[in-house]
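J.: Sharing a structure, written as structure tokens. Questions coming.
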Amino acid sequence: MAYSAGFSPHPKVSYAGAAPTGVASEAEYLEIALAEHREPEDVRAALDAALPPGLDIVEVVEAAPPALAERIEASHWRIELPGLTSAEVARSVDAFLALTEAPVDKIMKDGPRRVDARGPVLSLCLSDSGVSEATKPDTEVTCAILDLVVRHVTPTVRPDDVLTALRQAAALTTPVTPRVTRLAQGLLGEMPPADAQQDDTGQQPGLVSLRDPLRDVAAQAATR
Numbered sequence: 004m005a006y007s008a009g010f011s012p013h014p015k016v017s018y019a020g021a022a023p024t025g026v027a028s029e030a031e032y033l034e035i036a037l038a039e040h041r042e043p044e045d046v047r048a049a050l051d052a053a054l055p056p057g058l059d060i061v062e063v064v065e066a067a068p069p070a071l072a073e074r075i076e077a078s079h080w081r082i083e084l085p086g087l088t089s090a091e092v093a094r095s096v097d098a099f100l101a102l103t104e105a106p107v108d109k110i111m112k113d114g115p116r117r118v119d120a121r122g123p124v125l126s127l128c129l130s131d132s133g134v135s136e137a138t139k140p141d142t143e144v145t146c147a148i149l150d151l152v153v154r155h156v157t158p159t160v161r162p163d164d165v166l167t168a169l170r171q172a173a174a175l176t177t178p179v180t181p182r183v184t185r186l187a188q189g190l191l192g193e194m195p196p197a198d199a200q201q202d203d204t205g206q207q208p209g210l211v212s213l214r215d216p217l218r219d220v221a222a223q224a225a226t227r
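Numbering (this note's numbering), first residue to last: 4 to 227.
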């Protein structure tokens, strides 16, 4: 890896939209600088071998303009709500989506700050990509699942902020701690009509799609 100059050199690593503490993720991106050119697959294999089990480098591509942060505009999150039925959650989702804004307080480095948790939400719907009201044979616990797409803004609005807004403004109760997983990051695609049927890609009706930023870079490089 390449290191910065000066008295305290640091590896040149840049993260884009790193996931908050306490959530799972299947789609994290970072950019690193190398001291000399290496084949992307060699870099992927070396990094993957150095990481602990469960942290996997899926793909490496050579960096190209624009900057990584400019190619990641939003995140798609899955929120599992154990102990809740789809019908209970649907009422709160409808109430939240009807709001023009949903102010919530969050702790920032410089102290408490009020942010709007409604504006950056591009889509929020009950999931039917899996079992939206799963029943586990051993526990008999229902679990509603939400699909959430949030635009990256400053200050960042994260799933816990949206859950706070659902509790405060839409009367959602969460008897069990929600489980949150980031499924994708990328460039914004198009929102299908609300009455659209799920297509072969598994896209949910009314859910904003995201384009893979690495695929877009590869496609742009191939056309040059």
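C-beta atoms are modelled at their ideal positions from N, C-alpha and C, and glycine is treated no differently.
By how many angstroms is the C-alpha of aspartate 164 removed from the C-alpha of glycine 114?
T.: Roughly 16 Å between the two C-alpha positions.
J.: Strictly by DSSP, which residues pair up with alanine 3?
T.: Nothing about residue 3 can be read from this structure; the chain reaches only from 4 to 227.
J.: For the alpha helix (DSSP H) that contains leucine 166, what are its first and last residues?
T.: Note, leucine 166: alpha helix (DSSP H), 162 to 173.
J.: Find the nearest neighbour of threonine 176 within the set Arg117, Val124 and Leu84, judged by alpha-carbon distance.
T.: Residue Leu84 is the option with its Cα nearest to threonine 176.
J.: Kindly indicate the opening and closing residues of the alpha helix (DSSP H) around valine 46.
T.: 43 to 53 is the span of the alpha helix (DSSP H), which, as asked, contains valine 46.
J.: Tyrosine 18 to glutamate 65, Cα distance in whole Å?
T.: Approximately 15 Å between the Cα atoms of the pair.
J.: Applying the criterion that 16 or more other CB atoms from any shown protein chain within 10 Å of the CB defines a buried residue, is aspartate 97 buried or exposed?
T.: Answer is exposed; the Cβ neighbour count stays below 16.
J.: Pull up the distance between the alpha-carbon of serine 126 and that of phenylalanine 10, whole angstroms please.
T.: Roughly 47 Å between the two C-alpha positions.
J.: Just the C-alpha distance for proline 216 and proline 43, rounded to the nearest angstrom, thanks.
T.: One C-alpha to the other measures close to 16 Å.
J.: When the distance is taken between beta carbons, is arginine 74 closer than 8 Å to leucine 190?
T.: Their beta carbons are under 8 Å apart, which means leucine 190 touches arginine 74 by this criterion.
J.: I need the DSSP call for glutamate 83, collapsed to helix, strand or coil.
T.: Glutamate 83 falls in the strand class under three-state DSSP.
J.: According to the neighbour-count rule (16 or more other Cβ atoms, all chains shown, within 10 Å of its Cβ), is arginine 41 buried or exposed?
T.: By the 10 Å Cβ count, arginine 41 comes out exposed.
J.: Would you mind reading off the limits of the beta strand (DSSP E) that contains methionine 4?
T.: No beta strand (DSSP E) contains methionine 4, which DSSP labels as neither H nor E.
J.: Could you tell me which of Gly192, Leu151 and Val156 sits nearest to proline 162, measuring between CA atoms?
T.: The residue with the shortest Cα to Cα distance from proline 162 is Leu151.
J.: Where alanine 38 and leucine 169 are concerned, what is the direct C-alpha to C-alpha distance, given to the nearest angstrom?
T.: If I take the Cα positions, the gap works out to 48 Å.
J.: For glycine 20, does the count of other Cβ atoms within 10 angstroms reach 16, so buried, or fall short, so exposed?
T.: Buried, since its Cβ has 16 or more Cβ neighbours within 10 Å.
J.: Could you give the residue range of the beta strand (DSSP E) that holds glycine 114?
T.: Per DSSP, glycine 114 belongs to the beta strand (DSSP E) from 114 to 119.
J.: Less than 8 Å between the CB atoms is what I'm expecting for alanine 173 and phenylalanine 99, so what's the real figure, rounded?
T.: Alanine 173 to phenylalanine 99, Cβ: 4 Å. Contact.
J.: Comparing alpha-carbon positions, which option in Val61, Thr103 and Pro181 lies nearest arginine 218?
T.: Answer by Cα proximity: Val61.
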